[in-house]
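Please read the structure below before turning to the comments.
Protein chains: 2
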Amino acid sequence: METTLNSSQKNLHALYNPGHIVIVGFSRDESKEPAIFLRELLNQGYKGKISLLGRERGQFQGCEMYDSAAALPEGIDLAFNMVAAGKTLDILPQVAARGVPAAVIFTSGFAEMDPSGADLQRKLVEACNANGMRVVGPNCPGYFYLPNGINLTGIPDIPQGPIGLISQSGNVGITLWDQAKTIDIGFSAFVGVGNQADIPIHDHIEYLGQDDNTKVIALYLEGLPDGHGPRFVSVCRDVSRRKPIVALKGGRTVGGMRAAQSHTAAMSSASKVYSALFKDCGVIEVAHLEHLLPIAEVLYRCPPMKGRRVAIVGSGGGHSTVSTDEVELAGLTVPEFNSELQAEYGKRLPSYAPKRNPVDMTGGFTKDPTRFAQMTELVLAHDPNFDGFINYGLYGFYRNGKPPADAVHTYESAGPVIGHVQARSGLPVIFYTPYAYRRDPAYSALRNAGIPCYPNIHLAALGLAALYERNQLLTKAADTDAKVDGPAETSANPALHGTGITEATAVAYLSGFGIRFPKLELCQTGDEAAVAAKRIGFPVVLKAVLPGVMHKSDVGGVAVGLSSSAAVSEAATTMTGHVTAALGAGRQDGFLVSEDLGKRRELFVGVRKDSLMGAIGLVGFGGVYAEAVNDTAICLLPATPARVAACLERLQSKSMWTEFRGEPAVAPAKIAALLNALDRALAADRLTAIECNPVMIVGGDLIAVDAAIETTEVA
Amino acid sequence: METTLNSSQKNLHALYNPGHIVIVGFSRDESKEPAIFLRELLNQGYKGKISLLGRERGQFQGCEMYDSAAALPEGIDLAFNMVAAGKTLDILPQVAARGVPAAVIFTSGFAEMDPSGADLQRKLVEACNANGMRVVGPNCPGYFYLPNGINLTGIPDIPQGPIGLISQSGNVGITLWDQAKTIDIGFSAFVGVGNQADIPIHDHIEYLGQDDNTKVIALYLEGLPDGHGPRFVSVCRDVSRRKPIVALKGGRTVGGMRAAQSHTAAMSSASKVYSALFKDCGVIEVAHLEHLLPIAEVLYRCPPMKGRRVAIVGSGGGHSTVSTDEVELAGLTVPEFNSELQAEYGKRLPSYAPKRNPVDMTGGFTKDPTRFAQMTELVLAHDPNFDGFINYGLYGFYRNGKPPADAVHTYESAGPVIGHVQARSGLPVIFYTPYAYRRDPAYSALRNAGIPCYPNIHLAALGLAALYERNQLLTKAADTDAKVDGPAETSANPALHGTGITEATAVAYLSGFGIRFPKLELCQTGDEAAVAAKRIGFPVVLKAVLPGVMHKSDVGGVAVGLSSSAAVSEAATTMTGHVTAALGAGRQDGFLVSEDLGKRRELFVGVRKDSLMGAIGLVGFGGVYAEAVNDTAICLLPATPARVAACLERLQSKSMWTEFRGEPAVAPAKIAALLNALDRALAADRLTAIECNPVMIVGGDLIAVDAAIETTEVA
């Protein structure tokens, strides 16, 4: 593996595969964390060498103690720092100077606390890096890599398995290790990334992406360091093609962002940006913490689901209704079985048993729990157009789970039979039973056979939806144009800065980037406007030029459908009257006359600086009511037709942008070109945001009818 | 209690308080359901008399067996019918004739199966009713009323407590009884209502509303019988003021409705109608089955929450972020603590501990778990503007739950101290700990002190949101105008029926109900239209009259902003050309000329027949893009200003209908008047639907600019 590692990955290799660890800040006090961490490291069966750096010399539990960094032996791979924040800078760089390539800084009290902590953190990382050491944290709850017997979390009995967990919280980790025991799954690796002062989350994703002991990567992420979005996207695009990545974003609300800030100094871009970025690079996002592991579980145990059609086979009427609801609410479908299959069920089930999908065997499975497999196999044989299955019922504990005397199968012996349906067909099967999280051989047997068992139907439906999302990712063509680079080098144009950018200035500037506007002329008087209108061609729109006014139409500054020179002159006089009445004299700086494109579909298209991604694009429902309808979606930049198409698909108003009432569909490529032109315009002048609203759809073309530019003062 | 019961409630009193039960269809075979049900009835400690009706005479387990209905003794209160569907009609009416006022029909194979089953069900209910018997079911999974020792579900060990559960599914019941054990809660009553052939769900709600053993009512509901919506609303409006009602609607999707149909013959109105009706009558709706009991639990244990402000007090950084997200995603807020409170925390917590809300005590609670109470009391003392609390942490099991040697409190002794915070302040406290559903004294102690413990934060947030919803219900003024009656007696007007109702016909009909339209005239030729336009006043809109064509503008049949007679004539010629090109000759039947009201905010306002409610109102974003934007909400009829205001509040575009860009807010009373006028128009002519789109907002007035009427052929 080492041959393919880049230099940062070599430091990570030392982290995950150290032959020699030093605990920095060690003391013999067994009630204190350093000794507790050492005990759990030894309990985990770590086979490498351990050194202890503290105030004493001597031996402790077979490990050598040192009282100065200078005295440490050579060849140490990893330093685990437990020294208080204020003293870390005095010690850790010295340890680094001994040739230690990686450190984990467990200690808190850095950037997450206050500006002086941030300053300390910066100095510490610089000093360690200068000595060739890369650091995890600070403010990191520890890490483990169980295949090598490493556990530096201080917590015993963590179940081992295929999940690599990367988390910005220790407590979240502890919660998940506990939950994993319930579902017979476990972890290869855990790393608490803390403040990510040096090594960001995606470096760990890249490393675990190559780790054969890790089959699925789960993230609890509060935020990435500023500007790291593009690199995160590029790493996850690559890794997610090889193994599933599932994530919960912490800090999705205003309050949550504040909490995350105090907790891990996470620099929080809006959560909508993260969602867009996850979708773009194949990370499956979950909505709630308790879903993170079950979704990781299903992605690990089951094959992807190739379409949306779900067959539901079980026992019990209410649960059949609830199952169908949950599956369809999760975006999948439960189509009716064909008549051939319904007839087959008719031969085997009572007349009153529902058979249309769901099929409800109405009990009778305690004697033979493989009936779930038999009834599911019938779907495969007689209506083979389904993509996945839910089995449901009071499996395992109905009437206390005791098999009747004449049982042909126990729940334990039935598990492999049900698992065989999935293995043979290559289609996912998920089991719902309310008792699924009781620790019982009935469920271990199912799980060992590859069938996740969930204790609620909602989760089973989300599991199938995740498998469908996974398949979409694996089958979609690579969007090779979608390389996300940092913003281009830029030069400031002082003309555009300040608070009073008029529409005319914005239009002139943006036209230089190839953005199309209606024919328009800037005039000082109503008479000039009337003449300009004739040149442009009727009908025209007349607007007052009003520096710094957001909504011109609110003050009577817009007149549309003017069809003669006389109408233009008259409108100009009236308009100036209205504007003066509303804003006082001296605010108006002439008129803008432009082609009137009539009633068209109106898009909102904009770009905006973003701390995480550099810049992002926005596309949505435009026009006067855009803010009220509030239907926009984020598009990563550079925009590609595929990215824009995915973005339009997320809009509530999506049907408006396909063929609509006789008008053609809007070409994603045209929107992509507009977004990229706006992105260049944004970068070229270090602007904060550019919004074109409305952008009118005129046949196959996009014509921006209005544009607003937001700037911040250049420092 | 009996004095206040109406006649249907007297039959229900016999159901819930029988002194004498007969099991109909009994046999001695102990592996069969009748004997199993008898065994569990006896195990439950039922003290009344039990008779058994089957093929034999004699005694069984101390109960008298009878071989004919005629032989049954007098004074039986309840018959529990287990005879097969086909034979029930031969036996149960005879049992009724013995003066038995109530029956539960456990048997399936009626309306849920096929039309012949529906026919049998109708005959059976008629025959029983004729003999003075009211029936629960058929296709009912049984019932229990534990305060009287009645359990006719065949399932042992059901926990007793304050929840009255009404369910259209037995399996859902079984699942919930099991879940209740985990959260130290239980049931007073359960009734499986099955097909509701006779007694609908709301009769049980009304009965349990008066039952002192029932403190909260939980519903699993797939559908109400046709036309019963208004009665359900009226019962729940009354009961929900006295005790909380919480519901899961089964059959919320197309597939789910089909499944519910096969399962309980539920007549399914759209799930949006149920949601609107629940909101209107104070039923708290949950989204997922696994939330039903926990939300019932919080409504039972905690006081309502008077505002949206939540203080979060706990231990652990990641959980603090996730808690804040969940609370805000649930529609509540987590505002920052004032500086006085932050300073108080500063005296007691480490410098690196976040103190802004959430406050994170960063561990240290194992020695004294009452620290959660202490830190929460500080909020009450120093920033008393909060309405509810979440406590969170790895409470009870962190490092295996063993208290340290110097502990001042155990988890068990801390529970009452935390409970005291809620009791003293009257503000709800919910605890999140990942271990909450382990059966452990730590959590029983909290629950017994009134504090719900949830194993996920999502649920804790939903719990507080439910308490807030409960408070809103209890404090809002009774909307006395909102009595829902059945539709008025109607008379058909044949002129309006058929597929070719033109806009002109619709406008003429609706104007008769006081609905305002722009000034308009119907003309045969372009020349007539030009003259009419002058009478109306310019500018005008010209439309082609096109019977049966939905979207006139798609075929060039609409021209707006015509400002002279010449423009009208010219537009008429062009229009006829376009329409003929699009649809062929002979489709156009003249022109409609009307006032052009210009650009205005456009509402969608409509009414529609509904199997559950008689009729419902719809209000939403209107105009050409109404369907694409798809933002409408249901308003129950008769519409009242309060109902309309609540309905507007649910719209995505809600800000558009308040004061908006210089235009006044739309008065809910005006929309209510329009809806009620449309409702009268719908009823008067037995129409299916009337849609006014757009309804333009002109100053304070609503003017319908277009109207479409949907009819079905009169039989």
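So the protein sequences, as listed, match chains A and B. Just so you know, the numbering used here puts 176 at position 176 of the first sequence, and the rest follows in order with no gaps. Just so you know, the numbering used here puts 1276 at position 276 of the second sequence, and the rest follows in order with no gaps. Even for Gly, the Cβ is constructed at its ideal location relative to N, Cα and C. Quick caveat: nothing in here was measured; it's all calculated off a predicted structure.
query                                                                                                                                                                                  : result
Using 8 Å as the threshold, is the C-beta distance between Cys281 of chain A and Arg231 of chain A below it?                                                                           : no
Who are the near neighbours of Glu1336 of chain B in its chain, counting only those whose CB is closer than 6 Å to its CB and skipping five residues on each side?                     : Arg1356, Asn1357
Which residues in chain B have a C-beta closer than 7 Å to the C-beta of Ser68 of chain A? List them in chain order.                                                                   : Correct list: empty, because the minimum Cβ distance to chain B is about 27 Å.
Taking the Cβ atom as the reference point for each residue, do Ala582 of chain A and Leu542 of chain A lie within a distance shorter than 8 Å?                                         : no
In angstroms, rounded to a whole number, what distance separates the CA positions of Asn1171 of chain B and Arg1686 of chain B?                                                        : 41 Å
Measure from the C-beta of Ala628 of chain A to each C-beta in chain B and report whether the shortest distance is under 8 Å.                                                          : yes
From the DSSP output, in three-state form, read off Pro1034 of chain B for me.                                                                                                         : helix
Find the nearest neighbour of Leu467 of chain A within the set A:Pro547, A:Arg308, A:Asn391, A:Thr376, judged by alpha-carbon distance.                                                : A:Arg308
Which ranges would you report for the beta strand (DSSP E) in the segment 1339–1411 of chain B if only whole runs of at least 3 residues count?                                        : 1388–1392
Assuming Gly388 of chain A and Ser315 of chain A make a contact with CB atoms under 8 Å, what is their CB distance in whole Å?                                                         : Not confirmed; about 19 Å, so no contact.
Looking at the secondary structure, which residues open and close the alpha helix (DSSP H) in which Pro428 of chain A lies?                                                            : Element bounds for Pro428 of chain A: n/a, residue is neither H nor E.
Would His551 of chain A count as contacting chain B if we go by Cβ distances under 8 Å?                                                                                                : yes
Three or more beta-carbon pairs under 8 Å between the segment 162–180 of chain A and the segment 124–137 of chain A, yes or no?                                                        : no
What residues from chain A crowd round Met1113 of chain B, counting only those whose CB sits closer than 7 Å?                                                                          : Ser351, Tyr352
Quick test of your reading: Glu412 of chain A and Ala461 of chain A, contact by CB under 8 Å. State the CB separation rounded to the nearest angstrom.                                 : Wrong, their Cβ atoms sit about 27 Å apart, outside the cutoff.
Comparing the C-beta of Arg587 of chain A with each C-beta of chain B, is any distance below 8 Å?                                                                                      : no
Report, in whole angstroms, the separation of the C-beta atoms of Ile1295 of chain B and Tyr1392 of chain B, which I expect to be a contact under 8 Å.                                 : With a Cβ gap of about 19 Å, Ile1295 of chain B and Tyr1392 of chain B do not count as contacting.
Please decide whether Met656 of chain A counts as near chain B, where near means a Cβ-Cβ distance under 8 Å.                                                                           : yes
Select from the segment 1389–1411 of chain B all residues with a C-beta closer than 7 Å to any C-beta belonging to chain A, and list them in chain order.                              : Leu1394
In chain B, which residues lie less than 7 Å from Glu285 of chain A when you measure between Cβ atoms?                                                                                 : The premise fails here: Glu285 of chain A is roughly 13 Å from chain B at the closest Cβ pair, so nothing lies under 7 Å.
Give the residues from the segment 317–350 of chain A that approach chain B closer than 9 Å (Cβ to any Cβ), ordered along the chain.                                                   : Gly317, Gly318, His319, Ser320, Thr321, Val322, Ser323, Thr324, Asp325, Glu326, Val327, Glu328, Leu329, Thr333, Val334, Pro335, Glu336, Pro350
Roughly how far, in whole angstroms, is the beta-carbon of Phe1604 of chain B from the beta-carbon of Gly1620 of chain B, given that I think they are within contact range, below 8 Å? : 4 Å
At least one CB of chain B closer than 8 Å to the CB of Ser116 of chain A: is that the case?                                                                                           : no
Please identify, using Cβ separations under 7 Å, the residues of the segment 1286–1308 of chain B that lie next to chain A, in order along the chain.                                  : His1288, Leu1289, Glu1290
Near Val568 of chain A, which residues of its chain fall below 8 Å by C-beta distance, leaving aside the five closest residues on each side in sequence?                               : Gly526, Ala529, Ala530, Ala533, Val540, Leu542, Leu562, Val593
For Asp1610 of chain B, list the residues DSSP reports as bridge partners.                                                                                                             : B:Gly1614
Which of the three DSSP states is assigned to Met1550 of chain B in this structure?                                                                                                    : coil
Secondary structure at Gln1160 of chain B, three-state DSSP: helix, strand or coil?                                                                                                    : strand
Is it true that the CB of Glu297 of chain A sits closer than 8 Å to the CB of Pro452 of chain A?                                                                                       : yes
Count the other CB atoms within 10 Å of the CB of Gly700 of chain A; is the residue buried (16 or more) or exposed (fewer)?                                                            : exposed
In angstroms, rounded to a whole number, what distance separates the CA positions of Ala103 of chain A and Gly137 of chain A?                                                          : 9 Å
Taking only three categories from DSSP, how would you classify Leu1637 of chain B?                                                                                                     : coil
Alpha carbon to alpha carbon, how far is Gly1662 of chain B from Tyr1274 of chain B?                                                                                                   : 36 Å
Does any residue of chain B bring its CB to less than 8 Å from the CB of Glu222 of chain A?                                                                                            : yes
How close, in whole Å, do the beta carbons of Leu1089 of chain B and Leu1120 of chain B come, if the pair is a contact with beta carbons under 8 Å?                                    : 7 Å
Starting from His1020 of chain B, follow the beta strand (DSSP E) in both directions and report where the run begins and ends.                                                         : 1020–1026
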